[in-house]
Structure formats: structure tokens, C-alpha cells
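First the structure, in the form of C-alpha cells, and then the observations on it.
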Amino acid sequence: MNLIPASSNSVTDGITYDAPLVVDGIEEDQKSTFFSNGQIEVIGGGSLIINSYGTTQHAMASDDEIDIREGNIGIASASVDGIHSNNGYYQSGGVVVVNADSDGIDTEGGAIVIDCGELTVNLSSEDINAITSDSTIQSMEAPST
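Under numbering that gives the first Met the number 0, the first residue of the sequence shown is numbered 0, with each subsequent residue one higher.
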């Protein structure tokens, strides 16, 4: 996804979803407000705000990995995980702010690696995780000056 510099974009879903579409005998996924079966790669200097009101959907999800390289991603609301990935979350730039009623960032399989950029996770209660993974979580240290 290329967020055009200086652009402001938003995606909002409803509280309930219609029955999933069936294409060639396969139900289409309805896992999140912003969903991809493949990798989500975010580049560009613009911003994207996701308002997720679905009661069983994540705000941003991928069946592959999520790679934030630049841009501003704001999860304004999420009833479930703010960002959910099956194969990893990687952040090498950009600004990500997550407001969630469940885990902020959750990966089922791949690692979480944050080596640059800014990440803020605001949670609605103390009994949920800001960052959780079934694999490794790694944050790179800033070089000393």
C-alpha cells in the first residue's frame, strides 16, 4: 500500500457484517476492517486511519505478514486486535498508533521486529497485551552517540 505523501485516508467498517460472499465454493474472509490474504507493505508519506467497529474483527489483519516501512497508521478503534498477522509484524519506519480493546499487535506465527519508527499502543484494560507473539519479539537498540 502506497500512502501518497501528505494524503489523509480512512477506512471504517460497521458493527455487523453481512454473510460472507462465496466465490467458487470458498467463503471470503471477513477478519478485519482492512484485510489481505497476502503481505501488507506500507510505504509513502501519507496517513491511514482505521476505525474498526466490527465486534469480532481486527482493525488491520493479514494471513501473511505486515511490514510498515513509512507513513502514519492510526488504529482509532478495534474491538479485537488492533493489528493481527499470521506470519509476522515488521516495522522499519513510520508512525503507528493503536487503540484496541484486545491485543495491540498480535502475530500467530512470525516474529515481531521493530527496528525503527514510532509505535504507541493504548489499551482499554490492564489484562490484555500491547504486543504478543507465538514467536520472537525483537526491538533494535538505537545507536549511542
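Every residue gets a Cβ at the ideal spot worked out from N, C-alpha and C, and that includes glycine.
C-beta atoms of residue i and residue j nearer than 8 Å
{"i": "LEU118", "j": "GLN137", "result": "no"}
{"i": "SER9", "j": "ILE65", "result": "no"}
{"i": "SER46", "j": "ASN71", "result": "yes"}
{"i": "VAL94", "j": "ILE74", "result": "no"}
{"i": "SER84", "j": "GLY109", "result": "yes"}
{"i": "SER61", "j": "GLN38", "result": "yes"}
{"i": "GLY103", "j": "ILE67", "result": "no"}
{"i": "SER132", "j": "ASN98", "result": "no"}
{"i": "SER105", "j": "ASP126", "result": "The sequence shown places Asp at residue 105, rather than the Ser named in the question. Not closer than 8 Å, so no."}
{"i": "MET59", "j": "ILE82", "result": "yes"}
Pick from the options that is closest to residue i, judged by C-alpha positions
{"i": "ASN121", "options": "SER101, SER132, THR54, SER84", "result": "SER101"}
{"i": "SER78", "options": "THR131, SER7, ASN50, VAL112", "result": "ASN50"}
{"i": "GLY87", "options": "GLU107, ILE25, CYS115", "result": "GLU107"}
{"i": "GLY92", "options": "GLU40, SER84, ILE82, ASN128", "result": "GLU40"}
{"i": "PRO4", "options": "ILE111, GLU69, VAL112", "result": "GLU69"}
{"i": "VAL12", "options": "LEU2, ASP63, PHE33", "result": "Checking the displayed sequence, the identity of residue 12 turns out to be Asp instead of Val. Nearest C-alpha to ASP12: PHE33."}
{"i": "GLY116", "options": "ASN128, ASP23, MET139, SER134", "result": "MET139"}
Residue burial classification, residue i (beta-carbon count within 10 angstroms, cutoff 16)
{"i": "ASN36", "result": "exposed"}
{"i": "ILE14", "result": "exposed"}
{"i": "SER123", "result": "exposed"}
{"i": "PHE113", "result": "Before going further, note that residue 113 is Ile rather than Phe in the sequence given. By the 10 Å Cβ count, ILE113 comes out buried."}
{"i": "ILE111", "result": "buried"}
Residue i: CB within 7 Å of a non-hydrogen atom of the ligand GTP
{"i": "ASP114", "result": "The ligand GTP is absent from the structure shown, which contains no ligands of any kind."}
Every unbroken alpha helix (DSSP H) inside the stretch 1 to 41 [4 residues or more]
none
Quick check: the stretch 17 to 25 against the stretch 53 to 67, are at least 3 beta-carbon pairs closer than 8 Å?
no
Every unbroken beta strand (DSSP E) within the stretch 35 to 105, with a cutoff of 3 residues, ordered by chain
39 to 41, 46 to 50, 57 to 61, 65 to 67, 71 to 76, 82 to 84, 88 to 99
Please give the ranges of any beta strand (DSSP E) in the stretch 103 to 141, keeping only runs that are unbroken, at least 3 residues long and fully inside the region.
104 to 106, 111 to 122, 130 to 132, 136 to 138
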